[in-house]
Amino acid sequence: MSARIKVAVLIAFALRFSPWPSGELFAQEKGGTMPLQISSTAFSAGQAIPKKFTCDGPDVSLQLKWDDPPANTQA
Numbered sequence: 015m016s017a018r019i020k021v022a023v024l025i026a027f028a029l030r031f032s033p034w035p036s037g038e039l040f041a042q043e044k045g046g047t048m049p050l051q052i053s054s055t056a057f058s059a060g061q062a063i064p065k066k067f068t069c070d071g072p073d074v075s076l077q078l079k080w081d082d083p084p085a086n087t088q089a
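Per the working numbering: the sequence shown ends with 89, consecutive numbering throughout.
Below, the structure is given as structure tokens:
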């Protein structure tokens, strides 16, 4: 195995198993997870967003409802 391949494998391994916390771990360190429920009456969960609310549509904003946002959340 060439030196370049060994270095690339070593870097990939180091990055994969690095101790850097993910966003979820950071949230837990600050007092727990931060759940946020967002819903809309324009379509049901699991369905595709209707075209009129996408960048291919006529620039119509989707109405959203937020439930239990974390403290200091701003829209």
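Using N, Cα and C, we set each Cβ at its ideal position, and we do this for glycine too.
Given residue i as reference, the closest of the options once Cα atoms are compared
{"i": "D81", "options": "S58, S75, F57 and P49", "result": "P49"}
{"i": "P84", "options": "Q51, L24 and T55", "result": "Q51"}
{"i": "T55", "options": "L78, K66, A62 and V21", "result": "L78"}
Start-to-end residues for the beta strand (DSSP E) that takes in residue i
{"i": "K79", "result": "K79 to D81"}
{"i": "I52", "result": "Q51 to S53"}
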